[in-house]
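Asks: Okay, here's the structure, questions in a sec.
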Amino acid sequence: MTLKIILFIVFLLPWLSLFFASKETIKKYMPVTIFTAFLMTIIFQIAYTYKWWTIHEYIVPWGYMNDVSFTYGLFSVGTFWIFVLTFHKFSTFIVTNFVMDALMSFIVLPLLRVAGISEYKNIAAWQYFLVIFSLSFVIYFYHTWQSKIFISDKD
Numbered sequence: 021m022t023l024k025i026i027l028f029i030v031f032l033l034p035w036l037s038l039f040f041a042s043k044e045t046i047k048k049y050m051p052v053t054i055f056t057a058f059l060m061t062i063i064f065q066i067a068y069t070y071k072w073w074t075i076h077e078y079i080v081p082w083g084y085m086n087d088v089s090f091t092y093g094l095f096s097v098g099t100f101w102i103f104v105l106t107f108h109k110f111s112t113f114i115v116t117n118f119v120m121d122a123l124m125s126f127i128v129l130p131l132l133r134v135a136g137i138s139e140y141k142n143i144a145a146w147q148y149f150l151v152i153f154s155l156s157f158v159i160y161f162y163h164t165w166q167s168k169i170f171i172s173d174k175d
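When we follow the working numbering, the leftmost residue of the sequence shown carries the number 21, and every step to the right adds one.
Shown next, in the form of structure tokens:
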């Protein structure tokens with residue numbers, strides 16, 4: 021039961037941080053946040069199919085396929101804040117994502133195994149790192165493209 025409470029906190033607490041963002045900032049970066057959650061959902065479905073990892077504790081009935089607390093909580097809101105703080109400079113954005121993805125792949129996920137929440141199966145930590153770090157480039161260019169669309173709509 022304690023693990024489920026922690027997972028609910030990981031899901032809900034990051035969203036409370038959006039109270040510190042302006043309405044314009046939320047409007048600007050929420051599309052890439054939603055797109056990232058969509059892509060992570062796809063990655064989790066691929067991972068489920070190929071048994072990249074096993075999720076032992078989850079907060080929704082389909083949680084064994086997609087870690088909702090991570091995908092729609094910590095990862096989504098973390099993506100939002102990384103964009104807010106670093107989007108202005110590509111190199112800063114990439115370095116920040118490199119560090120955060122490395123922490124997730126090589127430190128946090130192994131700790132989740134110890135906690136009994138999830139564990140790697142048919143994917144190594146460095147492979148998972150490559151998957152989520154590659155996602156950084158996709159979402160950066162998506163947001164760049166989307167920003168141009170919104171600017172051209174105002175003309």
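Built from N, CA and C at the ideal position, the CB exists for glycine as well.
The structure presented is a predicted model; accordingly, all values stated were derived computationally and were not measured.
Report the option in Asn86, Ile75, Ile66 and Thr99 whose CA atom is closest to the CA atom of Leu38.
Replies: Working through the sequence shown from its first residue, we reach residue 38 at position 18. Per the Cα distances, Thr99.
Asks: What are the start and end residues of the beta strand (DSSP E) that includes Trp73?
Replies: Working through the sequence shown from its first residue, we reach residue 73 at position 53. Note, Trp73: beta strand (DSSP E), Trp73 to Ile75.
Asks: Starting from the Cα of Phe90, find the closest Cα among Thr112, Met50, Ser167 and Phe58 and give me that residue.
Replies: Locating residue 90 in the sequence shown gives position 70, counting from the first residue. For Phe90, the nearest C-alpha among the options comes from Phe58.
Asks: Would you call Trp73 buried or exposed, if buried means 16 or more other Cβ atoms sit within 10 Å of its Cβ?
Replies: Taking the first residue of the sequence shown as position 1, residue 73 is located at position 53. The residue is buried, with at least 16 neighbouring Cβ atoms inside 10 Å.
Asks: Give me, in chain order, the residues of the same chain whose beta-carbon lies closer than 6 Å to that of Ile152; leave out the 5 immediate sequence neighbours on both sides.
Replies: Locating residue 152 in the sequence shown gives position 132, counting from the first residue. Excluding positions up to five away in sequence, the list reads Asp121.
Asks: For Tyr78, name the three-state secondary structure that DSSP assigns.
Replies: Residue mapping note: residue 78 aligns to position 58 of the sequence shown, counting from 1. DSSP places Tyr78 in coil when its eight states are reduced to three.
Asks: Quick one: using the 10 Å Cβ neighbour count with 16 as the cut-off for buried, is Ala67 buried or exposed?
Replies: By one-based count along the sequence shown, residue 67 stands at place 47. Result: buried.
Asks: Who are the Cβ neighbours of Met85 in its own chain at under 6 Å, not counting the five residues just before and after it?
Replies: In the sequence shown, residue 85 corresponds to position 65, counting from 1. Excluding positions up to five away in sequence, the list reads Tyr68.
Asks: Can you grab the Cα-Cα spacing for the pair Asn117 / Thr164, in whole Å?
Replies: Numbered from its first residue, the sequence shown carries residue 117 at position 97. Numbered from its first residue, the sequence shown carries residue 164 at position 144. Computed Cα separation, rounded: 16 Å.
Asks: What runs of the beta strand (DSSP E), each 3 residues or longer, lie entirely inside the stretch 96-167?
Replies: With a minimum length of 3 residues, the continuous beta strand (DSSP E) runs that stay inside the stretch 96-167 are 138-140.
Asks: Exposed or buried, Thr22, counting other C-beta atoms within 10 Å across all chains shown (16 or more means buried)?
Replies: As a position in the sequence shown, residue 22 is number 2, starting the count at 1. Classification of Thr22: exposed, given that the 10 Å Cβ count is below 16.
Asks: When you compare the CB positions of Val52 and Ile159, do they come within less than 8 Å of one another, or not?
Replies: Locating residue 52 in the sequence shown gives position 32, where the first residue counts as 1. Locating residue 159 in the sequence shown gives position 139, where the first residue counts as 1. The answer is yes: Cβ separation under 8 Å.
Asks: As a quick exercise: from Asp87, Ile54, Tyr49 and Gly93, pick the residue whose alpha carbon is nearest that of Phe64.
Replies: In the sequence shown, the residue the question calls residue 64 occupies position 44. Selected option, being the one with the closest Cα: Asp87.
Asks: Have a look at Ile25 and Tyr78 and give me their C-alpha separation to the nearest angstrom.
Replies: Translated into the one-based positions of the sequence shown, residue 25 becomes position 5. Translated into the one-based positions of the sequence shown, residue 78 becomes position 58. Straight-line Cα distance between these residues: approximately 10 Å.
Asks: Assuming Leu132 and Ser125 make a contact with CB atoms under 8 Å, what is their CB distance in whole Å?
Replies: Numbered from 1 along the sequence shown, position 112 holds the residue referred to as residue 132. Numbered from 1 along the sequence shown, position 105 holds the residue referred to as residue 125. The Cβ separation is near 11 Å, so there is no contact.
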